Amino acid sequence: MIEDSPFVAAAPVLVPMPAERPYTYAVPPGMRVVPGSIVRVPLGPRQVAGIVWDGAVETVDARKLRPIEAVFDCPPIDRGMRRFVDWIAQYTLSAPGMVARMLLRAPEAFDPEPWIEGLQRTLAEPDRLTDARRRVLETAEGGLAWTRSGLAHAAGVSSTVIDGLRAQGVFETVKIPPRPVVAAPDTSHAAPELMPDQNVAAEKLRAAIAADTFNVTLLDGVTGSGKTEVYFEAVAAALDKGKQVLILLPEIALTHAFLERFQDRFGAKPGEWHSDLPPRMRERIWRQVAEGGVRVVAGARSALFLPFKELGLIVVDEEHDPAYKQEDRVFYNARDMAVVRGHIGGFPVVLASATPSVESRVNASQGRYDRAVLSSRFAEAALPDLRSIDMRRSPPARGGFLSPLLLEQMQRTLERQEQSLLFLNRRGYAPLTLCRVCGHRFGCPVCSAWLVEHRFRGQLVCHHCGHNERRPEACPECGTLDHLVACGPGVERIAEEVVGHFPDARTIVLSSDILGGVRRLRLELEAVANGEADIVIGTQLVAKGHNFPGMTLVGVVDADLGLANGDPRAAERTFQLLSQVTGRAGRTGKKSLGLLQTYQPDHPVMRAIVSGDSEAFYEREIAERERAALPPFGRLAGIIVSAATRGEAEGHARGLRRAAPTASDLFVLGPAEAPLSLIGGRHRFRLLVQGERRADMQGFIRAMLAEGPKLRGSVRVQVDIDPQSFL
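Numbering (full-length UniProt numbering), first residue to last: 1 to 727.
Shown next as structure tokens:
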């Protein structure tokens, strides 16, 4: 190429911003880039990291282009991952640049980790040999390189001894490659003895790994059946084939206990990936995953966007959990996207749950997924005896929320020196505070939601926007002192009632907003598992896969709570949550009991849980979904229009409704005010698009947005394909 020619090579670069397509940049002479190269490019006044994307770019006039500034010394993003980014962008109607942004969240990892200065033994001998020097020389035998501090620690000497030997030429300075963040897992470390049904399931998973093709297996086992040990066998098979493995977990708080179980099986912990990791550790994990050094990652949903070098298996634990749905910027369900990534990469995916989603059950029944069933608990431990407490017949005492029948069982459990768990999926002390004199209710000033009292902190908090204020002594409306009353219970109020009944019991509250954050929550979960609490009061966090050996009684304070809204998934969610909660009892074989306080003991969900007949529940729920053409038999998409004023939001939403194309297999409901019509000072209107399973939902919405009114002022539009939340 002629150097003074105005025409140069160009490359498409996807940058982490709401761009609908890659931008074109000039490739300077002598620079080599390939699709997937991570590069630094100018974007306005800034320098940002981007990815060289696929697609041809014509040679263009260099004077119209800005050049790529640098190519990072980093493994390129492979073609499968680039296809995955494009697929998610198309499916979720998101800008590809915003999907790519999730891939580029560890910018310091794009350059290689610096090598460490180390010391290595030479042939020289010290001028005199002290006892400390002898220990150092014995430790350094074999020619291995050591860090200065590591050698001093191993030999039990001070660093000045090492410095003295180096000064005499006994050690020379060498460069040591960066340490692995985790040791390599050993698949033969502690192979378990599986029960017969576990062996059958494990063999099915091993066969899927051996086939080396895309396949989805639903691992469907009752709580305590040993699903983790079974899918660990799939992990071992994938590692033996030289593949990397990703294990998705729904909650950060679960990770610590899981890491220990993994280490017990494989002799080393997996790499972690979640928002609580320190930035430097995130960068090291990202880099070593890309280079193939980290063989197994256990992480939250964002781990799907790690650039694995040779990924060969994804396991989605607790696949039914709503925490897998991201509802910020790019709306996606990590469970479904894991299946897509497996399909693109041509490798198996395992979905594990004691209460699978209706979608997964239908996919298994229709042959799209394989299904492996574990119908009994490990070591033949019995499932808890489940009963409902009809609160109309056994109501709590005045001012209380616990039935006498539940309190009686808690007393018996304490006498046996066993643990009780009370479950209420409501944080704080009370969901509403009002004035007994004038009726004033404390609401959020920028949301259409009541403020939740958190008595432990002395605050009133909005759980939607985070607004908080001190709980006043007097009513701000009428000024009356000491007449504010808390309405309804949260976990803090239940704890107060429990302490009143059992003052000598060790009581603990587990909730996601507990002071001390994730670290304290992990310590308290560990304390419960070690038997250091008698009564545990918790929100849905306690339902997620924990193993509490001493837990023999589970009481659900308000089993009807999840059924009280218009969510089409309400019955499924309630069934899953209550089944998971009651499954915490009796996991080590002790006789156990689960009690559900309900005003609707004849509701199909309550009957299914108490009878243990989950198949009847799934049959009924699947039949109802099919009749209503709801997922997975139909398609849904939510469109939320928000703006600073109600008029702007409503006007834009009505304009979108008028712009909807005519289609026989899709129709639009709304617009209507969202159930939470005001969040963070923004007014919200909602449209729902419903259609047949094979309808082109994305094409329909894309046309609707293109023909509808343009975004002006404060208006924002969010599209949620396959919504999980209807608020």
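Just so it is clear, CB atoms sit at the ideal spot from N, CA and C, and this is done for glycine as well.
Just so we're clear, the structure is a prediction, and the values are computed from it rather than from any experiment.
For V330, the enclosing beta strand (DSSP E) begins and ends at 330-333.
For I389, there is no enclosing alpha helix (DSSP H); the residue is found in the beta strand (DSSP E) stretching over 385-390. Residue environment for A300: buried (at least 16 other C-beta atoms within 10 angstroms of its C-beta).
The alpha carbon of G488 has as its nearest neighbour, out of E497, D482, T480, L481, the alpha carbon of E497. Cβ contact annotation for A559 (same chain, cutoff 7 Å, sequence separation greater than five): L578, L596, Q597, T598, M606, in chain order. Around the beta carbon of S642, a 10 Å sphere encloses 16 or more other beta carbons of the protein chains shown; the residue is thus reported as buried. Just so you know, the alpha carbons of R368 and R693 end up roughly 15 Å apart.
For R21, the closest alpha carbon among the candidates E310, A95, E108 is that of A95.
Between G271 and V181 the beta-carbon gap is near 6 Å, inside 8 Å, which marks them as a contact. D317 counts as buried, since no fewer than 16 other beta carbons sit within 10 angstroms of its beta carbon. When the five nearest sequence neighbours on each side are left out, the beta carbons in the same chain lying within less than 7 Å of the beta carbon of G680 are those of V446, C447, C465, in order along the chain. Annotation note: the stretch 133-203 contains the following uninterrupted alpha helix (DSSP H) runs of length 4 or greater, listed N- to C-terminal: 148-155, 159-167. Rounded to whole angstroms, the Cβ separation of D720 and F331 is 5 Å, and the two are in contact under 8 Å.
The DSSP assignment places complete alpha helix (DSSP H) segments of no fewer than 4 residues inside the stretch 398-429 at 404-415, in order along the chain. In the structure shown, T552 adopts extended strand secondary structure according to DSSP, grouped into three states. If you compare the alpha carbons of L144, F171, D61, P114 with that of R133, the shortest gap goes to F171.
V294 places its beta carbon 8 Å or farther from that of F423. Contact check between the stretch 476-495 and the stretch 418-435: three or more CB pairs, one atom from each, fall below 8 Å, which counts as touching. P185 is a Cβ neighbour of A268, given a cutoff of 8 Å.
Less than 8 Å separates the beta-carbon of F308 from that of V289. Remark: C-beta atoms of V235 and L313 approach each other more closely than 8 Å. Annotation: T255 is outside any beta strand (DSSP E); the continuous alpha helix (DSSP H) that includes it extends over 255-266. Residues of the same chain with a CB within less than 8 Å of the CB of G400, apart from the 5 flanking positions on each side, are E497 in chain order. Of the residues P601, E138, E291, A155, the one whose Cα lies closest to the Cα of I389 is P601. DSSP, reduced to helix, strand and coil, places Y23 within a strand of the structure shown. Excluding its 5 nearest sequence neighbours in each direction, D567 has C-beta neighbours in its own chain below 6 Å: F726, listed in chain order.
H546 has its alpha-carbon roughly 13 Å from the corresponding atom of G531.
In the DSSP annotation of this structure, the continuous segment of the alpha helix (DSSP H) that includes S614 starts and ends at 614-628. Judged by DSSP in its simplified three-state form, I68 adopts coil rather than helix or strand.
DSSP places T588 outside both helix and strand once states are collapsed to three, so it counts as coil.
Counting along the chain, Q120 sits inside the beta strand (DSSP E) bounded by residues 116-121. When rounded, the separation of the alpha-carbon atoms in C74 and V245 is 21 Å.
Cβ contact annotation for Q90 (same chain, cutoff 8 Å, sequence separation greater than five): Q698, in chain order. With a 10 Å radius around the Cβ and a threshold of 16 neighbouring Cβ atoms, A183 comes out exposed. In the DSSP annotation of this structure, the continuous segment of the alpha helix (DSSP H) that includes G655 starts and ends at 646-659. Counting only runs of at least 4 residues, the stretch 224-251 fully encloses the following alpha helix (DSSP H) elements, listed from N- to C-terminal order: 227-240.
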